[in-house]
Amino acid sequence: MRILFFMVALLVLSFNLEAKSLFSNAEQADSSKYIANLKDLLIATQKTRGLTNSYLNGNTETLLLIYTTRSDMKKAIGKMEATALAADPVINSRASAISKTLIKLNNKAFKKKAPEVFAAYTEQIEEILMLAQTVSQRTAAALNDFGKETSSIMMETMLPLTEYVGRLRGYGAGIAARNKVTKSDIEKVYALSNEVKRLNATLAEQMHQLISRHSGELSPSIKGEIAAVDKVVKDYTHLAEKKLLKHPETIDPDEYFEKGTHLINLIIKAYNTCNNAILEDSKGWF
Numbered sequence: 004m005r006i007l008f009f010m011v012a013l014l015v016l017s018f019n020l021e022a023k024s025l026f027s028n029a030e031q032a033d034s035s036k037y038i039a040n041l042k043d044l045l046i047a048t049q050k051t052r053g054l055t056n057s058y059l060n061g062n063t064e065t066l067l068l069i070y071t072t073r074s075d076m077k078k079a080i081g082k083m084e085a086t087a088l089a090a091d092p093v094i095n096s097r098a099s100a101i102s103k104t105l106i107k108l109n110n111k112a113f114k115k116k117a118p119e120v121f122a123a124y125t126e127q128i129e130e131i132l133m134l135a136q137t138v139s140q141r142t143a144a145a146l147n148d149f150g151k152e153t154s155s156i157m158m159e160t161m162l163p164l165t166e167y168v169g170r171l172r173g174y175g176a177g178i179a180a181r182n183k184v185t186k187s188d189i190e191k192v193y194a195l196s197n198e199v200k201r202l203n204a205t206l207a208e209q210m211h212q213l214i215s216r217h218s219g220e221l222s223p224s225i226k227g228e229i230a231a232v233d234k235v236v237k238d239y240t241h242l243a244e245k246k247l248l249k250h251p252e253t254i255d256p257d258e259y260f261e262k263g264t265h266l267i268n269l270i271i272k273a274y275n276t277c278n279n280a281i282l283e284d285s286k287g288w289f
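Just remember that my numbering sits 3 ahead of the position in the sequence shown, which is counted from 1.
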């Protein structure tokens, strides 16, 4: 009986060790915390860009929301600066430059034209995405295989997907606010929509491979979360291509914006599930 009990205990321990690293990993935990706050800055900046674009195109009801999202940007930056990873000189330098530029942009946004402001925010969002990749590269050596693979998908596919959805959301809300579509608008919306669909397909394939290799480390909910993203991507790109571009006068800019926000929230839900798995895995068993 004792031998049988010992064998069962070994099997349970073996299963648990496969689902979590043996030793704790402080560097992996620090990376997880930093990219969680970086994600919050990205999402808040995307929202600020889209709402500001809608406001400058005539939708004055977004004004209070703009100040709220600006506050969210400030909070995210503060949390980034409070993490251990902020001590990295390269990461700190790039994050500080982004912070200073965003403060100036927020102060001047209402005094500029909509296309100029949209482009300026987009430029800084691209800098945030580059910072995310820098974090991934500079912390890669400290991550285990699961952490590296998952972090790569989060930084290089999930966050860019939120960005292209954010552009489609913000640009489309501007079209709906002015009830007018130009040839340039049509080309822009189709380009953004196609990129959203491409990144969504990439994400689905990458997550299928990740789940097949690391099912023990990931929450069972992740499959449903990725399926939900896929469904809403199809719905939102159809709305942009077939309804917004053909009948912009029938599209409420706030509702269009909220549908885009809903899609981004679904992507972030999957992102958080992955990040929580990295953080949990970093605790190890010893």
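Think of the CB as a built atom: it goes at the ideal place given N, C-alpha and C, for glycine as much as any other residue.
List the endpoints of the continuous alpha helix (DSSP H) containing proline 251.
That residue, proline 251, is in no alpha helix (DSSP H); it is neither H nor E in DSSP.
Got a sec, what are the start and stop residues for the alpha helix (DSSP H) alanine 135 sits in?
117 to 142
According to DSSP, simplified to helix, strand and coil, what is proline 92?
helix
Proximity winner among Ala273, Ala243, Lys191 and Lys246, relative to glycine 227 (alpha-carbon distances)
Ala273
Could you check the C-alpha separation between leucine 45 and lysine 186 for me, to the nearest Å?
30 Å
Cβ separation of valine 120 and threonine 55, assumed to be a contact under 8 Å, to the nearest whole Å:
6 Å
So leucine 162 is in the alpha helix (DSSP H); what residue range does that whole segment cover?
162 to 181
With burial defined as no fewer than 16 other Cβ atoms inside 10 Å of the residue's Cβ, what is the status of tyrosine 70: buried or exposed?
exposed
Own chain residues within Cβ distance below 7 Å of alanine 123, not counting five before or after
Leu108
Proximity winner among Asp233, Glu252 and Tyr239, relative to valine 192 (alpha-carbon distances):
Tyr239
Beta-carbon spacing of glycine 150, aspartate 33 below 8 Å
no
If you follow the alpha helix (DSSP H) that threonine 153 is in, where does it begin and where does it stop?
148 to 156
By Cβ distance below 7 Å, which residues in the same chain neighbour leucine 30 in space, the five residues on each side in sequence not counted?
Looking at the sequence shown, residue 30 is not leucine but glutamate. Result list for glutamate 30: Thr142 and Ala145, in chain order.
Please classify arginine 52: is it buried, with 16 or more other beta-carbons within 10 angstroms of its beta-carbon, or exposed?
buried
Specify whether the region 150 to 161 and the region 246 to 261 touch according to this definition: at least 3 beta carbon pairs, one from each stretch, less than 8 Å apart.
no
Since alanine 79 is in the alpha helix (DSSP H), which residue starts that stretch and which ends it?
66 to 84
Glutamate 220 - DSSP class collapsed to helix/strand/coil:
coil
Assign methionine 133 to one of two classes, buried (16 or more other C-beta atoms within 10 Å of its C-beta) or exposed (fewer than that).
exposed
Asparagine 95 and alanine 87 - do their beta-carbons sit closer together than 8 Å?
no
Collapsed DSSP secondary structure at arginine 48 in the structure displayed:
For the sequence presented, residue 48 should be read as threonine rather than arginine. Three-state result, threonine 48: helix.
For arginine 170, count neighbouring Cβ atoms within 10 angstroms of its own Cβ and tell me buried if that reaches 16, exposed if not.
buried
Can you tell me where the alpha helix (DSSP H) holding alanine 231 begins and where it ends?
225 to 241
Less than 8 Å between C-beta atoms, sequence neighbours within five positions excluded: which residues of the same chain meet that for alanine 39?
Asn275 and Asn278
In angstroms, rounded to a whole number, what distance separates the CA positions of lysine 237 and alanine 47?
24 Å
Would you kindly check if the distance between the Cβ of alanine 280 and the Cβ of serine 222 is under 8 Å?
yes
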